[in-house]
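The structure under discussion appears below in the form of structure tokens.
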Amino acid sequence: GATHYKTFGTKSLDPNSPSFDEPLSVDTCMWFASCAKLMTAIAALQCVERGLLSLDDDISTVLPEWKEREILRGFDETTGEPILNKTEGKISLRMLLTHSSGLGYAMIDPDFAKYIKYRVQRGLKIRSEWLCPDETVPLMFEPGTDWRYGIGTDWAGRMIERVTGLSLGGFMDQNIWQPLGMTSTSFRLAERPDIRALKADMSQRGADDTLQPSPVPFFPEDAPTDHGGAGVFTCTRDFIKVLAACVDGDPKLLTPASWDLLCEPSLPAASAAKFQEMRTAMYAAADAAAEAAGSSRMAIPAPARLSWALGGMLALEDVPGGRRAGSISWGGLPNLSWVVDRASGVALFYASQLLPPGDKLTAQVVRLLEGEVYSGSYFNDVKSV
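Quick note: the sequence shown uses UniProt numbering, first residue 1, plus one each step.
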């Protein structure tokens, strides 16, 4: 099918940057952050198809360091020592990909962040709270009983590396990037000066809603390992090839059965209930905040019924004027957002390099984009590529 795009803005807001005032394009390199999770899920299913991995076996058969597992129950009020309990509950690859394993993110989970700080003071090496540690960490709950966005996909990437003998980027290059003609994608930006030369700088929105250069790039360009949950650098032209493959069920990547599996409900029942409860509360709070600020409702309301598939967040019902039931979606920390709607034959993608995450104005633009695409009016003023 046809691919349409429109670009706005510049690659840098920093007057001292060589990219200052250089226009953004579909070939601009960006940190795609959690958009990497979709590619890691596809790579994991490729390994499942080849008999190298199982979705439901205990991950310790591939990652023996996870044979002994503990749950963080809190911290001793006197000593500050973490309170850890052993658990016999197994972690599966399915749980890693659907965030039901018990693993969290230090950036968004205060207890996990406190534990990481405790371990760093005792020798744990971690370059950023956004990166997955090289060592095992405690779970935040019994596997399969709750939902917590976290570093599970990074460990899924390590499973791929163990069973293939390749780096995650090396496996993806052979099995996703090259088959789709993606030439500007890498986990190791420092090793790809050709891609780095096209990179946009990070920007941030201030408290007064003005945009300004970000003082830090946020994600290291020379990460020592390939982080399947957040580490990819690529461009829009490349990433939309992944989205198109998902919509079309491209046989170069997966069988029809595996494409279906990527997009079907995959959470354990208890985790699914917790996820729905959390998202309902989150959307209600967002609506209340918008009403208090006097803002109009966004063009596309959030689906009332949600779950999680191996590939991303799953809409369990149609959205009036937007995506159909069975669509998966997610995004990346610097305000990137994607949707794959196989039923409609549509994929949407919005990319930026803007902090902090969850930018309200960006959310409004993304939802307006969805409404325009499904109404057909968007195509009156865009280019084809």
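The C-beta atom is built at its ideal place from N, Cα and C for all residues, glycine as well.
ask   = Taking the C-alpha atoms as reference points, what is the distance between Asp-21 and Ala-2?
value = Along the sequence shown, read from residue 1 onward, the residue named residue 21 stands at position 21. Along the sequence shown, read from residue 1 onward, the residue named residue 2 stands at position 2. Roughly 30 Å between the two C-alpha positions.
query = If you follow the beta strand (DSSP E) that Ala-33 is part of, which residue opens it and which one closes it?
reply = Reading the sequence shown from its first residue, position 33 is the one you call residue 33. Start and end: 29 to 33.
request  = Please report the residue range of the beta strand (DSSP E) in which Pro-110 lies.
outcome  = The residue labelled residue 110 in the question sits at position 110 within the sequence shown. No beta strand (DSSP E) holds Pro-110; the alpha helix (DSSP H) holding it covers 110 to 120.
query = Across which residues does DSSP place Gly-74 in a beta bridge pair?
reply = Within the sequence shown, the letter at position 74 stands for residue 74. Gly-74 pairs with Ile-83.
ask   = Can you pull the DSSP bridge partners for Tyr-332?
value = Looking up residue 332 in the sequence shown gives position 332. Correcting the residue type first, residue 332 is Gly in the shown sequence and not Tyr. Gly-332 is bridged to Leu-336.
query = Taking DSSP as the reference, what is the three-state secondary structure of Leu-124?
reply = As a first step, residue 124 must be located in the sequence shown, where it is residue number 124. Note: Leu-124 maps to coil in three-state DSSP.
task = Identify which residue in Ala-304, Thr-79, Asp-260 has its Cα closest to the Cα of residue 442.
result = Here the chain comprises residues numbered 1 to 385, so residue 442 is not present and cannot be evaluated.
inquiry  = Under DSSP, the alpha helix (DSSP H) around Leu-38 begins and ends at which residues?
reply    = Translated into the one-based positions of the sequence shown, residue 38 becomes position 38. Segment 36 to 49, the alpha helix (DSSP H) holding Leu-38.
key: Assigned exposure category for Glu-81 - 16 Cβ within 10 Å defines buried   = As a working mapping, residue 81 is identified with position 81 in the sequence shown. Result: exposed.
ask   = Exposed or buried, what is Asp-209 when buried is set at 16 or more other beta-carbons lying within 10 Å of its beta-carbon?
value = Taking the sequence shown and counting its residues from 1, the one referred to as residue 209 is at position 209. Flag for Asp-209 reads exposed.
message = Excluding the 5 residues flanking Arg-162 on each side, which residues of the same chain have their C-beta closer than 6 Å to its C-beta?
response = Along the sequence shown, read from residue 1 onward, the residue named residue 162 stands at position 162. For Arg-162, where only same-chain residues beyond five positions count, the Cβ hits under 6 Å are Val-62.
query = Along the chain, where does the beta strand (DSSP E) that runs through Arg-196 open and close?
reply = In the sequence shown, counting from the first residue as 1, residue 196 sits at position 196. Note, Arg-196: premise wrong, no beta strand (DSSP E); alpha helix (DSSP H) at 193 to 196.
request  = May I ask you to report which of helix, strand or coil DSSP gives Tyr-350?
outcome  = Start at 1 with the first residue of the sequence shown, and residue 350 comes out as number 350. Reduced to three states, the DSSP call for Tyr-350 is strand.
inquiry  = Just to confirm the assignment, what range does the alpha helix (DSSP H) spanning Arg-148 have?
reply    = To locate residue 148, count along the sequence shown from 1; it is residue 148. Here Arg-148 belongs to no alpha helix (DSSP H), and DSSP marks it neither H nor E.
message = Rounded to the nearest angstrom, what separates Pro-265 and Gly-231 at their Cα positions?
response = Here the question's residue 265 lines up with position 265 in the sequence shown. Here the question's residue 231 lines up with position 231 in the sequence shown. About 26 Å.
ask   = Just the Cα atoms here: how many angstroms apart are Cys-235 and Thr-153?
value = In the sequence shown, the residue the question calls residue 235 occupies position 235. In the sequence shown, the residue the question calls residue 153 occupies position 153. Their Cα atoms are separated by approximately 21 Å.
inquiry  = Taking the straight line between their C-alpha atoms, what separation do you get for Ile-83 and Ala-315?
reply    = What you label residue 83 is simply residue 83 of the sequence shown in a count that begins at 1. What you label residue 315 is simply residue 315 of the sequence shown in a count that begins at 1. Using only the alpha carbons, I get a separation of about 37 Å.
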